[in-house]
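The structure appears right after this line, and notes come after that.
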Ligand code: MD3
Ligand code: FE
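Residue numbers (this note's numbering): 176 to 394.
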């Protein structure tokens, strides 16, 4: 029986890489400047659950050729335009393309940078990300602003879960056998001043996703 030392090093399952504080303060600031510019052109919207129309507590926007959206009528899906403005999503910041290349080695760029904004009290229930055709591609997540309690489960909803905090600058990569694990955000640990005033108090998470299957390359 293992003793539950509070500071025991976290044993992560295969296909989960947690790079704590991978981004330093100046890289976080540069990325937040990009996010402020994205939110100006593509305002945060409130996604809604399929069929019930129940609103998410998290607000979202996207950058890149495709963006994740959800509403009562159409459900979860990727779209090339913003659901309220009808405009194309802003381009993917080069910083994010570089990070994807540096850390994943995946032979095609991400198509969506989904930006989640958690105001104090917002959370995200346990779910699987499987709206992408390219399920062999990793998902790369970046945390900014306030810390949050992250929960990682198994391939079935009822499987046991582990929990740990995600902090500003942390990068989490999910791939291979872990790409389809259940996961969610139980709560954020609110505090002022962690995000630019244009965005407000709370937490930002960016997930980089390859959505479509890359073209097979001819030899
Ligand atoms: C584990 N976002 O956008 S990021 C999401 O912090 C999402 O906003 C959370 O879940 C957030 O879908 C968690 C970490 C993450 C992202 C994708 C995963 C964990 C994952 C895909 C598979 C398994
Ligand atoms: Fe997710």
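Positions of the beta carbon are idealized from the N, C-alpha and C atoms, including for glycine.
No experiment lies behind these values; they were computed from the predicted model shown.
Judged by beta-carbon spacing, residue 304 lies beyond the 8 Å limit of residue 253, meaning their Cβ atoms are not closer than that value.
With respect to the 8 Å criterion, residue 313 and residue 350 are classified as neighbours on the basis of their beta carbons. For residue 214 against residue 287, the beta-carbon gap comes to about 16 Å, at or over 8 Å, which does not count as contact. No Cβ-Cβ contact shorter than 8 Å links residue 189 with residue 335. Selection around the ligand FE by beta-carbon proximity, strictly under 6 Å to any non-hydrogen atom, yields 302, 304, 358 in chain order.
Counted as a single uninterrupted DSSP element, the stretch harbouring residue 372 is not any beta strand (DSSP E), since DSSP gives it neither H nor E. Assignment of residue 323 by DSSP, reduced to helix, strand and coil, places it in the strand class.
Pairing residue 264 with residue 340, the inter-Cα distance amounts to about 30 Å. Under DSSP, residue 184 takes part in no beta bridge, so it has no partner. If you look at residue 200, you'll find it in the alpha helix (DSSP H) that goes 200-216. Exposed is the label assigned to residue 366, since fewer than 16 other Cβ atoms lie within 10 Å of its Cβ.
Taking the Cβ of residue 214 as the reference point, every heavy atom of the ligand MD3 lies at 7 Å or farther away. When DSSP reads this structure, residue 263 sits in a beta bridge with 256. Counting only residues of its own chain and dropping the five nearest sequence neighbours on each side, residue 294 has a CB closer than 6 Å to the CB of 377. Runs of the alpha helix (DSSP H) lying entirely within the stretch 259-307 and spanning at least 4 residues, in chain order: 269-279.
In the three-state DSSP reduction, residue 232 falls in the coil class, being neither helix nor strand. Taking one beta carbon from each stretch, the stretch 216-227 and the stretch 194-202 have fewer than 3 pairs nearer than 8 Å; the two do not touch. Of the heavy atoms belonging to the ligand MD3, at least one sits nearer than 7 Å to the Cβ of residue 325. Distances taken from the Cβ of residue 206 to the heavy atoms of the ligand MD3 include none shorter than 7 Å. Around the beta carbon of residue 285, 16 or more other beta carbons lie within 10 angstroms, which makes this residue buried. At the C-beta level, residue 382 and residue 338 stay beyond 8 Å of one another.
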